[in-house]
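According to our numbering, the stretch in the sequence shown is residues 1 to 221, in order. Presented below is the structure to which this report refers.
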Amino acid sequence: EIRFFDDCFALNRERAYQICAGLRKRKAKIPWTCLTTVGSVTKELLEEMKASGCWQVLYGLESGSDRMLKLLKKGASLEQNIQAVKWAKDAGLSVRADFIAGTPGETEESLNQTLSFALKMKLDYAHFNKFVPYPGSELYERLRGEGISFDFGRGSSITDNESFQYVPDTMADKDYYKKFINLAHRKFYLRPAYILRRLLSLRSWEELFGQIKGFLAISGL
């Protein structure tokens, strides 16, 4: 299997089509996955990706709140996120989505909107990650200008759900944010309908054990 770790596989649409055409021409029949943004895909491109062997796309949807998407300057609305997921599912692709919790301006309401959005969408996988402002990013420079410092030797990984160096001042209940990530994973992955759907789509025992291991790791169990 090939995994394209380009953060935005489809940003250069012409290149994406060329890769798909090359795989089809060589009749490679190699399954592959990629990361991309909702604003860079089209219905036709996703169909071409599927035809060339792609079986899964990863979107950085980030939030289920239009207000938060604007604050994050994602360049995509909630409606565009919904459309991109639908196009991928219609093309027969598995969809994995990443969400970020705790960015500046986050509230209990926007966190709950994100969870509700993830539960309503036909996502195959969802990851809820804590906000980590990496050096050089616009948000990092903004927070540093406000006198907020970060120790990147401790709890700096977005997947470390135990250490929280930054909690938005817009969060009235600080503890809720810290509990939200594990709560969101449990609510998403422990739905009976979801579990049944995943079991029916498993391709091997190895995949089953891998998914169980992954769930235990991200849910804090």
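C-beta: ideal position from N, C-alpha, C; glycine also. The model shown is predicted, which means the values in this text are computed figures rather than measured ones.
Helix, strand or coil for residue i? Go by DSSP, reduced to three states.
| i | result |
| --- | --- |
| K130 | strand |
| V41 | coil |
| T170 | coil |
| F180 | helix |
| L35 | strand |
| I2 | strand |
| E47 | helix |
| R191 | coil |
| S204 | coil |
| F175 | Here residue 175 turns out to be Asp, not Phe, going by the sequence shown. DSSP places D175 in helix when its eight states are reduced to three. |
| R136 | The question names Arg, but residue 136 in the sequence shown is Gly. DSSP places G136 in coil when its eight states are reduced to three. |
| I82 | helix |
| Q165 | coil |
| E106 | coil |
| F9 | coil |
Whose C-beta lies closer than 6 Å to the C-beta of residue i among residues of the same chain, with five residues either side of it excluded?
| i | result |
| --- | --- |
| K133 | A quick correction: the sequence has Pro, not Lys, at residue 133. Once the five neighbours on either side are set aside, the close Cβ partners of P133 are L139, Y140 and L143. |
| L115 | A184 |
| R191 | none |
| G75 | G39 |
| N81 | V38 and L61 |
For residue i, which residues does DSSP report across the bridge?
| i | result |
| --- | --- |
| I100 | N129 |
| G60 | D98 |
| C54 | W32 |
Relative to the alpha-carbon of residue i, which residue among the options has its alpha-carbon at the smallest distance?
| i | options | result |
| --- | --- | --- |
| A10 | G39, I30 and L200 | G39 |
| L72 | R26, S149 and S137 | S137 |
| R198 | E1, E106 and A126 | A126 |
| K224 | K178, Q83 and L69 | Since the first and last residues shown for the chain are 1 and 221, residue 224 lies out of range. |
Leaving out five residues before and five after residue i in sequence, what residues of the same chain have Cβ atoms less than 7 Å from its Cβ?
| i | result |
| --- | --- |
| F128 | F99, A101, I181, A184 and H185 |
| D66 | S77 and L78 |
| A16 | F9, A10 and L45 |
| D124 | S94, V95 and R96 |
Less than 8 Å between the CB atoms is what I'm expecting for residue i and residue j, so what's the real figure, rounded?
| i | j | result |
| --- | --- | --- |
| L35 | L58 | 5 Å |
| F4 | W32 | 7 Å |
| A172 | E108 | 7 Å |
| Q165 | D151 | 7 Å |
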